[in-house]
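This report refers to the structure that appears directly beneath it.
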Ligand code: ADP
Ligand code: MG
């Protein structure tokens, strides 16, 4: 507060009416100026007390989140004017659990497009209200910011596509060379008609056939790896998908003397994922694990909640990899196998990026390998988890 106002308060008995009116007029002007500032910023600002009674809200709030349209919100319960229960619940959590540094995003359909806002709540010291605390709720439009991030991800994809294209060019050289040689051999044999036996002809033709199918698989795999994925994220229980994949691969694993162990935590939140793509990713990992355990072994699939992510680990007791190999495995066309495409893990990597997740590898030559997939827990499910742990805490209390 301005010093001279404090001084005036201490001497209020000695001031005449006109002086008091002057001071109040000056203060009203200051308040108006602050309000003008709050009105001119692009963010929404709501001030509340700990009971979530609105002290002030600027008009921009209405453009960012669903709110009843009123001339003033002062003195009204936030729950009566803010019409989105997720945001309300989030603000409530922040105010009562003191989780004041967490930032949360919410999306709304706005005409044809989706608007995403970030809601941040922080406490501030309000000297005017002794005892109670006050809170500022900041609402910012992050749609543009998020779109920029998506654009960046896409251009990263583009960069990896250039590497891939170079890889394809390199890959198709060998089969093309082999085909060229055998076509020439055939041509020469035709020139010496009498010396071309059926066996020779068949040998040349089967080489040509083999190389054609190799070319075909290079091209098909390449297209699969670079094609923009048609990702359809849906909210669902990941464990169900894990179970399905396990039941699908178990007979084949057993045939190869690989024992499958499932280790799924029962209390996992639902995730936003594309079932088809996640199955594809798991199958690629399981196939690699099986290849690494020629003489049999153990394959463990584990799912756990860790903070705001769900981790899925695929561990094998196979041949493992040294550091050098580990650094290259996600690169397109990197393979140590005679008949490998080197695209399996590239595809898994891409699938995880589509899920805003990640993948890491831990391995030791001769001991085994663990791949970890990280899936972000959606915001809505985090709230549900918080609510769960809150009621548990209430039980305990
Ligand atoms: P591919 O299986 O066609 O070789 P991937 O992209 O699936 O291509 O794997 C690349 C390489 O990573 C493999 O050739 C292998 O050297 C290594 N690798 C992947 N998974 C494992 C594993 N579970 N154990 C040991 N090595 C692995
Ligand atoms: Mg593979």
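Residue numbers (the numbering used here): 44 to 440.
For each residue, glycine too, the CB sits at the ideal point set by N, CA and C.
DSSP three-state assignment for residue i, whether helix, strand or coil
| i | result |
| --- | --- |
| residue 108 | coil |
| residue 216 | helix |
| residue 60 | helix |
| residue 348 | strand |
| residue 425 | helix |
| residue 381 | coil |
| residue 50 | helix |
| residue 177 | strand |
| residue 124 | helix |
| residue 65 | helix |
| residue 185 | coil |
| residue 143 | Reliability fails at residue 143, whose pLDDT of 49 lies under 50, so the model's placement of it is uncertain and the value that follows must be treated cautiously. Correct three-state label for residue 143: coil. |
| residue 373 | coil |
| residue 310 | coil |
| residue 205 | helix |
| residue 133 | helix |
| residue 333 | helix |
| residue 225 | helix |
| residue 117 | coil |
| residue 84 | coil |
| residue 365 | coil |
Chain-order list of residues whose beta-carbon lies under 8 Å from that of residue i (same chain, five-residue window excluded)
| i | result |
| --- | --- |
| residue 122 | 95 and 131 |
| residue 378 | 384 and 385 |
| residue 277 | 315, 316, 317 and 318 |
Nearest residue (CA-CA) to residue i, options the options
| i | options | result |
| --- | --- | --- |
| residue 231 | 244, 219 and 220 | 244 |
| residue 343 | 407, 55, 120 and 304 | 304 |
| residue 159 | 403, 148 and 167 | 148 |
| residue 360 | 290, 70 and 410 | 410 |
| residue 311 | 327, 281, 290 and 257 | 281 |
| residue 330 | 345, 383, 307 and 376 | 383 |
| residue 91 | 408, 166, 365 and 70 | 166 |
| residue 450 | 97, 212 and 364 | Within the shown structure, residues of the chain are numbered from 44 to 440, placing residue 450 beyond reach of any answer. |
| residue 357 | 367, 351, 368 and 335 | 335 |
| residue 279 | 270, 313, 291 and 265 | 313 |
| residue 375 | 207, 340, 150 and 78 | 207 |
| residue 151 | 112, 128 and 369 | 128 |
| residue 322 | 53, 349 and 289 | 289 |
| residue 327 | 373, 307, 419 and 52 | 373 |
| residue 156 | 98, 187, 309 and 271 | 187 |
| residue 272 | 60, 78 and 397 | 397 |
| residue 307 | 354, 65, 264 and 270 | 354 |
| residue 114 | 124, 108 and 213 | 124 |
| residue 84 | 192, 425 and 107 | 107 |
| residue 163 | 71, 181, 154 and 177 | 181 |
Contacting residues, own chain, Cβ-Cβ under 6 Å from residue i (five flanking each side not counted)
| i | result |
| --- | --- |
| residue 320 | 394 |
| residue 58 | none |
| residue 421 | 315 |
| residue 66 | 51 |
| residue 275 | 317 |
| residue 345 | 306 and 356 |
Strand pairing of residue i, partner residues [DSSP]
| i | result |
| --- | --- |
| residue 354 | 347 and 417 |
| residue 277 | 316 |
| residue 151 | 158 |
| residue 341 | 302 |
| residue 100 | 89 |
| residue 412 | 359 and 406 |
| residue 164 | 180 |
Where the alpha helix (DSSP H) through residue i begins and ends
| i | result |
| --- | --- |
| residue 251 | 241 to 269 |
| residue 303 | No alpha helix (DSSP H) contains residue 303, which is instead part of the beta strand (DSSP E) from 301 to 307. |
| residue 387 | 387 to 397 |
Where the beta strand (DSSP E) through residue i begins and ends
| i | result |
| --- | --- |
| residue 454 | In the structure as shown, the chain starts at 44 and stops at 440, and residue 454 therefore has no counterpart that could be examined. |
| residue 404 | 401 to 407 |
Residues near residue i by beta carbon distance below 7 Å, same chain, minus five either side
| i | result |
| --- | --- |
| residue 102 | 82 |
| residue 185 | 148, 159, 160 and 161 |
| residue 339 | 299, 300 and 301 |
| residue 215 | 258 and 261 |
| residue 175 | 92 and 93 |
| residue 401 | 395 and 417 |
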